[in-house]
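Enquirer:
Chains as they are written, first to last, in UniProt numbering: chain A, 1 to 244; chain B, 1 to 304.
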């Protein structure tokens, strides 16, 4: 029963192309777009000694996580609520929460695929090393996905319709990009701004994933920040979520 | 045996009373209509039966189960087509049926339902590409895929063209003929008169009448109806006013309208024949559920 829901939701997401486009095509485009630039594989002073390809691998993973969580998840779920897909399910033996869970699993899975592409294709095409602190990387990526998906669920919970869901998602997405260092490299930011970035959900996620990639243990307070977002947003979403 | 029993069901939203002590029962194998204007409490009542809403007071038993306490068990045995519900636009017809079939312990075969509801050649179509009638058939099939004993169908024909409405009526009869008890929520009188074995008329959160369509018409309007004709030559209206069963005679232009109850029309025609009065453009309208409904809900005076 849950397997069937998961299988069909997976097929629907593949059919509507956006999820695979953001989870697979976008990271590949970023990786190749920046990886093929001159000197992209050499350590760069601007990036704290990291190569551009390596930096993009982490940044691309984070961007994909944010798109999946802040835009795809609220978009699909608020559309389902608006169309009455969730309401229709309420009168069957299956709880509509099964559909919510399936969506979380699919988006988390898509995020994992993105990370794997960044590690695997990055290594194959540009010789970027795999994350040196692999366990830390897994923990950082998992926490980052969890907090972002929880925030995405919270967006769905508080938005009255699909349009509002998309709007709130976008409003959160673009500043997230800034604080993640997409428009302006993190390493060139003033110190105070860096600390602010470290306190945002995506900024903290990217910082810890980068640290892990370079083989450093993450700062404990970064993990606490992410766990805090995750727990608070999960609890709030669970409380506020409406099926219709 | 009653398959649904409702006693003293009440529900308030804030300060507004949606249901006020509603009681009725539905027998196994019938098409039971729930009628009333918008906002009369029909959908709230049915949602209480389906376990989607918690009543403030009163008892509800569907198939002997309490929808609040035994919701999961109940949902295995009922099929529901709710208003304002849908499917993801890109799901295919066949996938939707298979998905819903997977929710139930002993579902019907999706392939068989596709054939039965004339969706065979649409099996691979995406739901958003279906016509109104096709989508309607799919929604009915989804309500039946769990092999329910009771099907709740809410405002099935709203928004359909007259032809699609008529074919939907055929489909609803087919569901009943397969032994499924049908609870039909509607605000169309013709639909209820045509389909329902018995019905309950809701108005402002109460039931104002229950019975068969014929019984309700009889009870609310005294049966009968109106006849209208153009007399060829002179006609003294007093002659007709005295005919048994006639309640009203009036002239409008060249036409005469006679209202009455029971078998008044036969009596009027024989009086006309005895007096050698020839009439043209004769038209007899039986009282309909519409008239009864207006009389019951106080929409307009139908009684003399």
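Just so you know, even glycine gets a beta-carbon here, dropped at the ideal spot from N, CA and C.
(1) So, are the CB atoms of residue 33 of chain B and residue 202 of chain B less than 8 Å apart?
(2) Can you tell me which of the three DSSP states residue 191 of chain A falls into?
(3) How about residue 246 of chain B and residue 240 of chain B: do their beta carbons lie closer than 8 Å?
(4) Whose C-alpha, out of B:154, B:42, B:65, is nearest the C-alpha of residue 2 of chain B?
(5) Of all the options B:10, B:39, B:227, B:213, which has the alpha carbon lying nearest to the alpha carbon of residue 293 of chain B?
(6) So what's residue 301 of chain B in DSSP terms, helix, strand or just coil?
(7) Put residue 255 of chain B into one of helix, strand or coil per three-state DSSP.
(8) Are the beta-carbon atoms of residue 281 of chain A and residue 152 of chain A separated by less than 8 Å?
(9) Could you work out which residues of chain A lie near residue 88 of chain B, taking near to mean beta carbons separated by less than 7 Å?
(10) Going straight from the alpha carbon of residue 277 of chain B to that of residue 287 of chain B, what length do you get?
(11) Let's see if you can read the secondary structure: which residues bound the alpha helix (DSSP H) around residue 173 of chain A?
(12) Who are the neighbours of residue 91 of chain B on chain A, taking C-beta pairs under 8 Å?
(13) Name the chain A residues whose beta carbon is nearer than 7 Å to that of residue 102 of chain B?
(14) Name, please, each residue of chain B whose Cβ falls closer than 8 Å to the Cβ of residue 54 of chain A.
(15) Just checking my contact of residue 141 of chain B with residue 107 of chain B at CB under 8 Å: how many whole Å lie between their CB atoms?
(16) Suppose you measure from the CA of residue 111 of chain B to the CA of residue 187 of chain B; what does that come to, to the nearest Å?
(17) What is the rounded straight-line gap between the Cα of residue 15 of chain A and the Cα of residue 125 of chain B?
(18) How about residue 163 of chain A: is its C-beta nearer than 8 Å to some C-beta of chain B?
(19) Run through DSSP, which three-state label would residue 11 of chain B get?
(20) Can you find at least 3 beta carbon pairs, one from the region 202-210 of chain A and one from the region 170-183 of chain A, that sit closer than 8 Å?
(21) Is residue 181 of chain B closer than 8 Å to residue 30 of chain B when the C-beta atoms are compared?
(22) Determine the DSSP secondary structure at residue 63 of chain A, reduced to helix, strand or coil.
(23) Let me confirm a value: residue 109 of chain B is counted as buried when at least 16 other C-beta atoms fall within 10 Å, else exposed. Which label applies?
(24) Which first and last residues belong to the alpha helix (DSSP H) in which residue 225 of chain A is found?
(25) Can you confirm whether residue 242 of chain A, when its beta carbon is compared against all beta carbons of chain B, has any partner nearer than 8 Å?
(26) If we require 4 or more residues per run, which alpha helix (DSSP H) segments fall completely within the region 17-55 of chain B?
(27) Please report the Cβ distance between residue 136 of chain A and residue 217 of chain A, rounded to the nearest whole angstrom; I am assuming they are in contact, meaning their Cβ atoms lie under 8 Å.
(28) By a C-beta neighbour count over all protein chains shown, 10 Å radius and 16 as the cutoff for buried, is residue 221 of chain A buried or exposed?
(29) Per DSSP, residue 227 of chain B is paired with what?
(30) Please name the residue, chosen from B:132, B:178, B:220, that lies closest to residue 159 of chain B on a Cα-to-Cα basis.
(31) Give a yes or no on contact between the region 104-116 of chain A and the region 189-196 of chain A, applying the rule of three or more CB pairs nearer than 8 Å.
(32) If you draw a straight line from the alpha carbon of residue 199 of chain B to that of residue 167 of chain B, how long is it in whole angstroms?
(33) If I follow the unbroken beta strand (DSSP E) through residue 91 of chain B, where does it start and stop?
(34) For residue 136 of chain B, is the classification buried or exposed, using 16 other Cβ atoms within 10 angstroms of its Cβ as the cut-off for buried?
(35) Pull the bridge partners of residue 341 of chain B from the DSSP assignment, please.
(36) Any C-beta of chain D within less than 8 Å: which residues of the region 94-122 of chain A qualify?
Expert: Looking at the atomic coordinates:
(1) Sequence index remark: in the second chain, residue 33 of chain B carries index 33 (1-based). Sequence index remark: in the second chain, residue 202 of chain B carries index 202 (1-based). Not a contact, by the Cβ cut-off of 8 Å.
(2) Residue numbering aside, residue 191 of chain A sits at position 191 when the first chain is read from its first letter. In this structure, residue 191 of chain A counts as helix in the three-state DSSP scheme.
(3) Start at 1 with the first residue of the second chain, and residue 246 of chain B comes out as number 246. Start at 1 with the first residue of the second chain, and residue 240 of chain B comes out as number 240. Yes.
(4) Here residue 2 of chain B refers to the residue found at position 2 of the second chain. With distances taken between Cα atoms, residue 2 of chain B lies closest to B:65.
(5) Mapped onto the second chain, residue 293 of chain B falls at position 293. When only C-alpha atoms are compared, the closest one is B:213.
(6) For the purposes of this step, residue 301 of chain B is identified with residue 301 of the second chain, where counting begins at 1. Because residue 301 of chain B carries a pLDDT of 37, less than 50, the predicted location of this residue cannot be relied on, and no value is offered for it.
(7) Mapped onto the second chain, residue 255 of chain B falls at position 255. Three-state result, residue 255 of chain B: strand.
(8) The requested residue 281 of chain A is not part of the displayed model; chain A covers only 1 to 244.
(9) As a working mapping, residue 88 of chain B is identified with position 88 in the second chain. 12, 80, 85, listed in chain order.
(10) Position 277 of the second chain holds residue 277 of chain B. Position 287 of the second chain holds residue 287 of chain B. Residue 277 of chain B and residue 287 of chain B: Cα-Cα distance of roughly 25 Å.
(11) Position 173 of the first chain, counted from the first residue, corresponds to residue 173 of chain A. Here the alpha helix (DSSP H) through residue 173 of chain A covers 162-179.
(12) Reading the second chain from its first residue, position 91 is the one you call residue 91 of chain B. Simply 8, 12.
(13) Locating residue 102 of chain B in the second chain gives position 102, where the first residue counts as 1. The answer, in chain order, is 1, 4.
(14) If you number the first chain from 1, residue 54 of chain A lands on position 54. None at all; the shortest Cβ gap to chain B is about 37 Å.
(15) Along the second chain, one-based indexing puts residue 141 of chain B at 141. Along the second chain, one-based indexing puts residue 107 of chain B at 107. The Cβ separation is near 11 Å, so there is no contact.
(16) Within the second chain, residue 111 of chain B is the residue found at index 111, counting from 1. Within the second chain, residue 187 of chain B is the residue found at index 187, counting from 1. Cα to Cα, residue 111 of chain B sits roughly 33 Å from residue 187 of chain B.
(17) Locating residue 15 of chain A in the first chain gives position 15, where the first residue counts as 1. Locating residue 125 of chain B in the second chain gives position 125, where the first residue counts as 1. The alpha-carbon atoms of residue 15 of chain A and residue 125 of chain B are separated by roughly 13 Å.
(18) On the first chain, residue 163 of chain A is found 163 positions in, with the first residue counted as 1. By this cut-off, residue 163 of chain A is not an interface position.
(19) Translated into positions along the second chain, residue 11 of chain B becomes position 11. It is a strand residue.
(20) yes
(21) Against the second chain, residue 30 of chain B aligns to sequence position 30. Against the second chain, residue 181 of chain B aligns to sequence position 181. Taking 8 Å as the Cβ cut-off, residue 30 of chain B and residue 181 of chain B qualify as a contacting pair.
(22) For the purposes of this step, residue 63 of chain A is taken as residue 63 along the first chain, with counting starting at 1. In this structure, residue 63 of chain A counts as helix in the three-state DSSP scheme.
(23) Here the question's residue 109 of chain B lines up with position 109 in the second chain. It counts as exposed.
(24) As a working mapping, residue 225 of chain A is identified with position 225 in the first chain. Unbroken alpha helix (DSSP H) run through residue 225 of chain A: 220-240.
(25) If you number the first chain from 1, residue 242 of chain A lands on position 242. No - not a single Cβ of chain B is within 8 Å of the one on residue 242 of chain A.
(26) 42-49
(27) Numbered from its first residue, the first chain carries residue 136 of chain A at position 136. Numbered from its first residue, the first chain carries residue 217 of chain A at position 217. Going by Cβ atoms, the distance from residue 136 of chain A to residue 217 of chain A rounds to 6 Å, so yes, they are a contact pair.
(28) Position 221 of the first chain, counted from the first residue, corresponds to residue 221 of chain A. Looking at its Cβ environment, which holds fewer than 16 other Cβ atoms inside 10 Å, residue 221 of chain A is exposed.
(29) The residue given as residue 227 of chain B occupies position 227 in the second chain. For residue 227 of chain B, which the question treats as bridged, DSSP gives the partners B:258, B:284.
(30) Within the second chain, numbered from 1, the residue matching residue 159 of chain B stands at position 159. Closest option to residue 159 of chain B, Cα to Cα, is B:132.
(31) In short, these stretches do not touch, since the Cβ pair count stays below three.
(32) Here residue 199 of chain B refers to the residue found at position 199 when the second chain is read from its first residue. Here residue 167 of chain B refers to the residue found at position 167 when the second chain is read from its first residue. So the two alpha carbons sit approximately 21 Å from each other.
(33) Here residue 91 of chain B refers to the residue found at position 91 of the second chain. For residue 91 of chain B, there is no enclosing beta strand (DSSP E), since its DSSP letter is neither H nor E.
(34) Locating residue 136 of chain B in the second chain gives position 136, counting from the first residue. By the 10 Å Cβ count, residue 136 of chain B comes out buried.
(35) No answer is possible for residue 341 of chain B: the residues shown for chain B start at 1 and end at 304.
(36) Here chain D cannot be found, since the structure's protein chains are A and B.
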